[in-house]
Amino acid sequence: MKTLHLRKRPLAMLTAISLLPLALLSSHAYAECERGDLDTLYCDENGDMVADRPADESEWANPDTLIFAYTPVEDPAIYSDIWQPFIDHLSDVTGRDVRFFAVQSNAAQVEAMRSGRLHIAGFSTGPTPFAVNLAGAVPFALMGSDDGQFGYTLQLFTHVDSDIETLEDLKGKRVAHTSPTSNSGNLAPRALLPELGITPEEDYEVVYSGSHDQSMLGVVARDYDAAPVASEVVERMAARGLYDTDDVRLIYESDRFPTTSYNYAYNLHPDLVEKIEEAFFTFDFVGTELGDEFEGVEKFIPITYKDNWQVIRTIQAANGVTYTPDNLE
């Protein structure tokens, strides 16, 4: 597989290139091999459910400039500044120039890594399996506490002045889900709520807001009757004063899910991967803007996709999700 080095191209080109349809980004495919749900670009001979590094060392990518992307957010410029202390640390440890890439959608982020133009990325919970199977992403870390705890919950909010007190009251209402691939914003409610007596689409109207931020702000503005959202997102919104917690009421909260996964591209040189992992696991959140933004997080902790995303794959399977470009869109 040909490696394309971003340093030879203006960064502004990345957005346009990454929006190419997934099917057009590569025609290369391996010969028959064990791959599970992985795209035909990849093999999984060791059964860990992520793409194996190419056997041919000439296909290992070792770029002078590393591109890092966090998940799509309402205001990418804010997160560019928040992530800067980590970007500086990553650059120091790897000895490479590191640039922050503000992605506009989950699909664009997955496509950018698949095309070889995104090397390290934080993928949201629901889109992580798409990144693994379509883009060769290898999840290796999550944000967590010193005692190894991590994760977030699905929280379902309504306006404080609404007549919705319980899940049963959602019947006949207009409820904002975030996007089709979102775990807490769509797939988890579809899998979990029917067991509690309320079925999305059947008992209430589902409208897609586009993001957790928009869902929450829509509830506050009473554009939506209710919305399932990720606890970590709305907690950060509240901390930044984007909404008043007194304006909403929590009517349901799930058990905890894994949060954003941090990934490297499957074909990176193993020496570079070692340095990337070192940078993540030695970063100190304390006293940084990143630590202030993600309250309760002290460090990155190691994880595996096979074990830590099992609950998410189960939820997605219950929703009939298959990891295809069309479903990602």
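Note that the sequence shown covers residues -31 to -1, 1 to 298 in mature numbering (1 follows the signal peptide of the UniProt record, and there is no 0).
Here a beta-carbon is modelled for each residue, glycine too, at the ideal position from N, C-alpha and C.
At 3 residues or longer, and completely inside the segment 159 to 187: list those beta strand (DSSP E) runs for me, N to C. 174 to 177
Please determine if the segment 34 to 51 and the segment 64 to 75 are in contact, where contact requires at least 3 C-beta pairs separated by less than 8 Å. yes
Skipping 5 residues on each side, what residues in its chain have a beta carbon closer than 7 Å to that of Asp172? Leu139, Lys140
Alpha helix (DSSP H) containing Tyr276: first to last residue? Looking at the sequence provided, one finds Asp at residue 276 rather than Tyr. Start and end: 274 to 277.
Please report how far the alpha carbon of Leu211 lies from the alpha carbon of Ile47, in whole angstroms. 13 Å
Per-residue burial, Met2 [other beta carbons within 10 Å of its own, 16 or more giving buried]: The question names Met, but residue 2 is Cys in the sequence shown. That one is exposed.
Express the C-alpha separation of Val19 and Ala248 in angstroms, rounding to a whole number. 21 Å
Looking at the unbroken alpha helix (DSSP H) that takes in Tyr48, where does it start and where does it end? 45 to 51
Which one of Phe269, Arg282, Glu262 has the shortest CA to CA distance from Ala208? Glu262
Counterpart residues of Val144 in DSSP-defined beta bridges: Val175, Ala195
With which residues is Phe55 paired in a DSSP beta bridge? Paired residue(s): none; Phe55 is not in a bridge.
Please state whether the Cβ-Cβ distance between Asp57 and Thr291 is less than 9 Å. no
Using C-beta distances below 6 Å, list every residue in its chain close to Leu87, excluding the 5 sequence neighbours before and after it, in chain order. Ile36, Ala38, Ala81
Measuring CA to CA, which of Ala190, Leu186, Gln279 is closest to Glu204? Leu186
On the DSSP bridge assignment, give the partners of Lys268 in chain order. Gly113
Just the Cα atoms here: how many angstroms apart are Val42 and Gly179? 10 Å
Buried or exposed for Asn232, going by 16 or more other Cβ atoms inside 10 Å? buried
For Asn15, does the count of other Cβ atoms within 10 angstroms reach 16, so buried, or fall short, so exposed? exposed
To the nearest angstrom, report how far apart Ser(-5) and Thr9 are at their CA atoms. Only weak support exists for where Ser(-5) lies, its pLDDT of 39 falling under 50; the value from the coordinates is given anyway. Rounded to the nearest angstrom, the two C-alpha atoms are 10 Å apart.
Going by the DSSP bridge assignment, what does His128 pair with across the sheet? Val217
State the start and end residues of the unbroken beta strand (DSSP E) segment that holds Val79. Note, Val79: premise wrong, no beta strand (DSSP E); alpha helix (DSSP H) at 75 to 83.
In three-state DSSP terms, what is Phe226? strand
Roughly how far, in whole angstroms, is the beta-carbon of Thr122 from the beta-carbon of Arg225, given that I think they are within contact range, below 8 Å? 6 Å
Burial state of Leu(-7), where buried means 16 or more other Cβ atoms lie within 10 Å: Interpretation of Leu(-7) is limited by its pLDDT of 43, a score under 50 that renders its predicted location unreliable; the figure taken from the coordinates is listed afterwards. Leu(-7) comes out buried.
Report the rounded CA-to-CA distance for Asp130 versus Ile89, giving the unit in angstroms. 43 Å
What residue range does the beta strand (DSSP E) around Gly91 cover? 89 to 92
Return the CA-CA distance between Arg143 and Glu134, expressed in angstroms with no decimal places. 15 Å
Could you tell me the distance, in whole angstroms, from the CA atom of Asn31 to the CA atom of Gly260? 30 Å
So, is the C-beta of Gly16 closer than 9 Å to a C-beta in chain B? Any reference to chain B falls outside this structure, which holds one protein chain only.
Measure from the alpha carbon of Val25 to the alpha carbon of each residue in Leu136, Pro227, Ala71, Pro239, then state which is nearest. Looking at the sequence provided, one finds Asp at residue 25 rather than Val. Out of Leu136, Pro227, Ala71, Pro239, Pro239 has the C-alpha closest to the C-alpha of Asp25.
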